[in-house]
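The sequence shown maps to residues 6 to 526 in the numbering used here.
Below is one structure, written out as structure tokens, with a few remarks after it.
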Amino acid sequence: MPECRIGRVRTSRGGWWALAGLLAGVLGLALSYAAAALLHVRESPVVAVAEGIADLAPGPVVTWAIGAFDKADKKILVLGILLFLAVVFVLLGRAARRRWWLTMLGYGALAAIGAVAVLAKPNPGVNDVVPVAGGLVAWLVAMAVLAQWLRRWELTDGGEGAARERAQTRRTFFVLAGITGGVSVAGGLVGRLAGDARRRTEASRRLLRLEGVTAPDLPDGVSFGLEGISPWQTPSDRFYLIDTAFIKPTIEAADWQLRIHGMVEREITLSYRDLVSREITEDWITLNCVSNEVGGDLIGNAWWSGVRLAGLLEAAGPHPDADAVLQTSADGWTCGTPLSALTDGRNAMLAVAMNGEPLPIEHGFPVRTIVPGLYGYVSATKWVVDLEVTRFDDISAYWTGKGWGERGPVKISSKIEVPSNGEEVLAGEVVCAGVAWFQQTGISGVQVQVDGGRWQPAEIARTPNTDTWVQWRAVLDLEPGTHELRVRAIAADGEPQTGAVADVLPDGATGWDTIQVTVNG
Ligand SMILES: Nc1nc2c(c(=O)[nH]1)N[C@H]1C(S)=C(S)[C@@H](COP(=O)(O)O)O[C@H]1N2
Ligand SMILES: [Mo]
Numbered sequence: 006m007p008e009c010r011i012g013r014v015r016t017s018r019g020g021w022w023a024l025a026g027l028l029a030g031v032l033g034l035a036l037s038y039a040a041a042a043l044l045h046v047r048e049s050p051v052v053a054v055a056e057g058i059a060d061l062a063p064g065p066v067v068t069w070a071i072g073a074f075d076k077a078d079k080k081i082l083v084l085g086i087l088l089f090l091a092v093v094f095v096l097l098g099r100a101a102r103r104r105w106w107l108t109m110l111g112y113g114a115l116a117a118i119g120a121v122a123v124l125a126k127p128n129p130g131v132n133d134v135v136p137v138a139g140g141l142v143a144w145l146v147a148m149a150v151l152a153q154w155l156r157r158w159e160l161t162d163g164g165e166g167a168a169r170e171r172a173q174t175r176r177t178f179f180v181l182a183g184i185t186g187g188v189s190v191a192g193g194l195v196g197r198l199a200g201d202a203r204r205r206t207e208a209s210r211r212l213l214r215l216e217g218v219t220a221p222d223l224p225d226g227v228s229f230g231l232e233g234i235s236p237w238q239t240p241s242d243r244f245y246l247i248d249t250a251f252i253k254p255t256i257e258a259a260d261w262q263l264r265i266h267g268m269v270e271r272e273i274t275l276s277y278r279d280l281v282s283r284e285i286t287e288d289w290i291t292l293n294c295v296s297n298e299v300g301g302d303l304i305g306n307a308w309w310s311g312v313r314l315a316g317l318l319e320a321a322g323p324h325p326d327a328d329a330v331l332q333t334s335a336d337g338w339t340c341g342t343p344l345s346a347l348t349d350g351r352n353a354m355l356a357v358a359m360n361g362e363p364l365p366i367e368h369g370f371p372v373r374t375i376v377p378g379l380y381g382y383v384s385a386t387k388w389v390v391d392l393e394v395t396r397f398d399d400i401s402a403y404w405t406g407k408g409w410g411e412r413g414p415v416k417i418s419s420k421i422e423v424p425s426n427g428e429e430v431l432a433g434e435v436v437c438a439g440v441a442w443f444q445q446t447g448i449s450g451v452q453v454q455v456d457g458g459r460w461q462p463a464e465i466a467r468t469p470n471t472d473t474w475v476q477w478r479a480v481l482d483l484e485p486g487t488h489e490l491r492v493r494a495i496a497a498d499g500e501p502q503t504g505a506v507a508d509v510l511p512d513g514a515t516g517w518d519t520i521q522v523t524v525n526g
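Here is the structure:
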């Protein structure tokens, strides 16, 4: 630098660059925290990183760490990460003065760590990376804006005549810095409030003791216990998640109400207490999404407990002309369900528990609908608060309004889970296995085909009813080379699953799940 005042200027300005870095950094963290709390009721990326470190750290370190501050007290780990980040932010702020690329690289690296940590949690979805991406954008924008004004401020350092301009530039920088700090505080508060609502609901959820709700007890013979295929019972934290709720409703049981109205003789309003004091029905039911591609993962099987809808609807007295129930959730999502599916004797229920525990918030706490035999989009309303008995002709629901089929009965399907597609196996006897399902009708058999040859029967496991998936396995004699394996299910009525390929839109995919394996001699 040409001036003789270099030393003084550099130290004082270096301090402002550091402050800018810190403010930009904190803004990104605050916004990602708020976004995480609002979007998917999980912990913030920083907490995900803390958990990731706790999971990853090698044995002795974990033992020491857990001994030192206990798992429940991951706060200390989070605090440590925040302090570390504060130092990094200061350094990145200072670096921005001369090496903008280094600052960008630093933000990129931090965001990448956050993204990896967030995606390592069970059931990651697109929503999970939004807070990280938002934080990254906030870092870049805030730092770019603050840096711009710091640079102008430095440029006005020259002649005496520039004193006014310098003061003005400096003021603008301070105002922007103040705004950055203010938005951070606001973001922190929003995150805090949203997080509190979630924690309150979660705490009251854990305290619920539901009479008549029993723990799941795996029926005999349902599982082959094979490695690599879906466990017959899907644990709740591994169960697929689908909903349009940007902000997941956090409703305490005491605040929940359901209205049954429309084409009925008597309108009914139920509180949670009213609901759970009725007789509880329980069953194993497989739920799947209409968007599940052939061979896809949008399916799970759980032990559901709740109150049968048939009895509630009978008490309301539906009009004979009614053929639909328009369900509405607390977040405004709607679906139209055939009235007959809710009253025909199947175990259609207002579920209050999943796998023996009150419903997880993201699976619809306190109450959701479960209807065996129908895809989720026409039946499985989470956070359900309103049932209007009506006619299909008079309604349009969320997905059916977008071109999806009106009734949504589940189609027969099956998939190969082992070997996995593209796997290399040894020649000889190869175990091939997976699941098949056709809720309400049931599966009588499963067949496997090698390279378009004859369909060979597979062995199928037991099921407690027709509403769950069934595990199947076959031992194939495979010669060295590349082979194509296919599976199809046979319905209880003898009808084989069609091989005609259909897209998920408008009413569910069809076709045979097909994989390639390489057999080594
Ligand atoms: N409130 C609400 N309920 C909903 C949805 C939704 O978007 N909002 N999606 C439905 C769809 S398409 C499916 S497949 C199931 C998925 O339930 P799960 O997330 O518990 O697996 O929920 C159904 N219930
Ligand atoms: Mo779905």
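Glycine residues also receive a C-beta, built at the ideal position from the N, C-alpha and C atoms.
Please read all numbers here as calculations on a predicted model, not as lab measurements.
Min CB distance Ala250 to chain D below 8 Å: In the structure shown, chain D does not exist; there is a single protein chain.
Contact set for Ala432: own chain, Cβ-Cβ below 7 Å, skip 5 residues either direction: The count along the sequence shown starts at 1 and reaches residue 432 at position 427. Excluding positions up to five away in sequence, the list reads Leu483, Glu484, Pro485, Val524, Asn525 and Gly526.
CA-to-CA distance, Thr468 to Asp248, given in whole angstroms: For the purposes of this step, residue 248 is taken as residue 243 along the sequence shown, with counting starting at 1. For the purposes of this step, residue 468 is taken as residue 463 along the sequence shown, with counting starting at 1. Rounded to whole angstroms, Asp248 to Thr468 spans 28 Å at the Cα level.
Extent of the continuous alpha helix (DSSP H) to which Val475 belongs: As a first step, residue 475 is located in the sequence shown; it is residue number 470 there, counting from the start. Unbroken run through Val475 is the beta strand (DSSP E), Val475 to Leu483; no alpha helix (DSSP H).
Simplified DSSP state of Ile527, which is helix, strand or coil: In the structure displayed, the chain extends from 6 to 526; residue 527 sits before or after that span and is not available.
Contacting residues, own chain, Cβ-Cβ under 6 Å from Pro424 (five flanking each side not counted): As a working mapping, residue 424 is identified with position 419 in the sequence shown. Excluding positions up to five away in sequence, the list reads Val430 and Val522.
Presumed contact (8 Å Cβ cut-off) between Ile448 and Ala497, rounded CB distance: The sequence position of residue 448 within the sequence shown is 443, counting from 1. The sequence position of residue 497 within the sequence shown is 492, counting from 1. Contact flag correct, Cβ pair sits at about 7 Å.
Where the alpha helix (DSSP H) containing Asp197 begins and where it ends: Walking along the sequence shown from the start, residue 197 turns up at place 192. It is worth fixing the name first, because residue 197 is Arg in this sequence and not Asp. Taken as a continuous stretch (DSSP letters only), the alpha helix (DSSP H) holding Arg197 covers Ala168 to Leu212.
Bridge partner(s) assigned by DSSP for Ser319: Along the sequence shown, read from residue 1 onward, the residue named residue 319 stands at position 314. Strictly speaking, residue 319 in this sequence is Glu, with Ser absent from that position. Paired residue(s): none; Glu319 is not in a bridge.
Asp260 (DSSP reduced to helix, strand or coil): By one-based count along the sequence shown, residue 260 stands at place 255. In the structure shown, Asp260 sits in a helix (DSSP, three-state: H, G or I).
heavy atom of ligand 2 below 7 Å from Ile294 C-beta: Position 289 of the sequence shown holds residue 294. Note that residue 294 is Cys in the sequence shown, not Ile. Checking the Cβ of Cys294 against ligand 2 gives yes.
Closest residue to Leu584 among Phe251, Ser296, Val137 and Ala35 (Cα-Cα distance): Residue 584 is absent from the model: the chain starts at 6 and stops at 526.
Beta bridge counterpart(s) of Leu331 as assigned by DSSP: Here residue 331 refers to the residue found at position 326 of the sequence shown. Per DSSP, Gly341 and Glu393.
Val14 to Ala25 span [Cα, whole Å]: As a working note, residue 14 is residue 9 in the sequence shown. As a working note, residue 25 is residue 20 in the sequence shown. Note on Val14: pLDDT 45, under 50, position unreliable in the model; no value is reported.
Under the three-state DSSP convention, the category Thr16 falls into: If you number the sequence shown from 1, residue 16 lands on position 11. Note on Thr16: pLDDT 41, under 50, position unreliable in the model; the coordinate value appears next. In the structure shown, Thr16 sits in a helix (DSSP, three-state: H, G or I).
Start-to-end residues for the beta strand (DSSP E) that takes in Lys357: As a first step, residue 357 is located in the sequence shown; it is residue number 352 there, counting from the start. Contrary to the premise, residue 357 reads as Val rather than Lys in this sequence. Note, Val357: beta strand (DSSP E), Met354 to Met359.
Supposed contact pair Val312 and Leu364 - C-beta distance, whole angstroms, cut 8 Å: Within the sequence shown, numbered from 1, the residue matching residue 364 stands at position 359. Within the sequence shown, numbered from 1, the residue matching residue 312 stands at position 307. Between Val312 and Leu364 the Cβ distance is about 13 Å, and since that is not below 8 Å, they are no contact.
Touching by the beta-carbon criterion (3+ pairs, under 8 Å), the stretch 83-100 and the stretch 27-35: yes
Endpoints, beta strand (DSSP E) assigned at Gln452: The residue labelled residue 452 in the question sits at position 447 within the sequence shown. Here the beta strand (DSSP E) through Gln452 covers Ile448 to Val455.
Proximal residues to Pro136 (C-beta, below 6 Å), its chain only, five neighbours per side dropped: Working through the sequence shown from its first residue, we reach residue 136 at position 131. If we look at Pro136 and ignore the five residues flanking it on each side, its Cβ neighbours are Ser37, Ala40, Ala41 and Pro50.
Cβ-Cβ distance between Ala514 and Ala505 below 8 Å: Walking along the sequence shown from the start, residue 514 turns up at place 509. Walking along the sequence shown from the start, residue 505 turns up at place 500. No.
Lys420 in three-state terms, based on DSSP: Within the sequence shown, residue 420 is the residue found at index 415, counting from 1. Lys420: strand per DSSP, three-state reduction.
Cβ-based neighbour list, Pro414, same chain, cut-off 7 Å, excluding 5 preceding and 5 following: In the sequence shown, residue 414 corresponds to position 409, counting from 1. Only Gly378 and Leu379 meet the Cβ criterion.
Where Gln238 sits in the DSSP three-state scheme: Within the sequence shown, the letter at position 233 stands for residue 238. Looking at Gln238 - three-state DSSP - the assignment turns out to be coil, as it is neither helix nor strand.
Distance cut-off 7 Å: Gly381 Cβ against heavy atoms of ligand 2: Residue mapping note: residue 381 aligns to position 376 of the sequence shown, counting from 1. Yes, ligand 2 has a heavy atom inside 7 Å of this Cβ.
Residue interval of the beta strand (DSSP E) (run including Glu489): As a first step, residue 489 is located in the sequence shown; it is residue number 484 there, counting from the start. Element bounds for Glu489: Gly486 to Ala496.
Beta carbon of Arg103 nearer than 8 Å to that of Ala23: Position 98 of the sequence shown, counted from the first residue, corresponds to residue 103. Position 18 of the sequence shown, counted from the first residue, corresponds to residue 23. No; because the gap between Cβ atoms is not below 8 Å, this pair is not in contact.
Ser401 burial status per 10 Å Cβ neighbour count (16 or more: buried): Position 396 of the sequence shown holds residue 401. Looking at its Cβ environment, which holds fewer than 16 other Cβ atoms inside 10 Å, Ser401 is exposed.
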